[in-house]
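Notes for the one structure printed next.
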Amino acid sequence: MAAVAVGDQRAFAELYDATSARVYGMVLRVLRDPGYSEETTQEVFLQIWRSAPNYDPNQGSPLAWIMTLAHRRAVDRVRSEQSGTDREAAYGAISHSPEHDEVLEAVTQRLESDAVIACLDTLTDTQRESVRMAYYSGWTYREVAERLGVAVPTIKSRIRDGLIKLKTCLGVTPS
Numbered sequence: 134m135a136a137v138a139v140g141d142q143r144a145f146a147e148l149y150d151a152t153s154a155r156v157y158g159m160v161l162r163v164l165r166d167p168g169y170s171e172e173t174t175q176e177v178f179l180q181i182w183r184s185a186p187n188y189d190p191n192q193g194s195p196l197a198w199i200m201t202l203a204h205r206r207a208v209d210r211v212r213s214e215q216s217g218t219d220r221e222a223a224y225g226a227i228s229h230s231p232e233h234d235e236v237l238e239a240v241t242q243r244l245e246s247d248a249v250i251a252c253l254d255t256l257t258d259t260q261r262e263s264v265r266m267a268y269y270s271g272w273t274y275r276e277v278a279e280r281l282g283v284a285v286p287t288i289k290s291r292i293r294d295g296l297i298k299l300k301t302c303l304g305v306t307p308s
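One gets my numbering by counting positions in the sequence shown from 1 and adding 133 to each.
Structure below.
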């Protein structure tokens, strides 16, 4: 370890040859994924190379120190992967939108349409005709008034009264 600490590449290669199988085996037991285990083992040896000067022989054997570094790195990898999975799951739960139900929408639209038609029948003939011209044909008050031969204020009153009746019939509450 002392030689590795001063940058001796041959000493590091010998250390690697002597310990890499054990490091990889321990990391694989923690991670259970060969690809991640290979990456993590490589990271462990990079960490050994960089932090070899910090090794204290009074704290334990070089192998114990290396295995401690490897175990910590593997556990960090597990935590990191779990954190990523948790974030994705949380995002998925937040951003999930249910599938568009076309059948339900068609039925709802049909029921609403039937309700509007039924409520239109509760209007007077002049109200119904004015509302249909304004809302189904898209004509302005002035155009409806000209076609029916009445004053614009009269058309406005008919349409307003008709819409109030429709709201009441449909159960729409003012907002």
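The beta carbon of each residue, even a glycine, is placed where N, CA and C say it ideally should be.
Sixteen is the threshold: when 16 or more other Cβ atoms of the shown chains lie within 10 Å of the Cβ of Gln260, as they do, the residue is buried. Note on geometry: alpha-carbon atoms of Val137 and His204 lie some 21 Å from one another. Using a 10 angstroms sphere on the CB of Gly193, the tally of other CB atoms stays under 16, which defines it as exposed.
For Gly140 and Ser216, the gap between their C-alpha atoms comes out near 36 Å. Excluding the 5 residues flanking it on each side, Leu253 has same chain C-beta neighbours closer than 6 Å at Arg261, in chain order. Secondary structure note for Val249: its alpha helix (DSSP H) is the uninterrupted segment 235 to 253.
The segment 242 to 252 and the segment 293 to 303 touch, with no fewer than 3 CB-CB distances between them shorter than 8 Å. Annotation: the continuous alpha helix (DSSP H) that includes Ala144 extends over 142 to 164.
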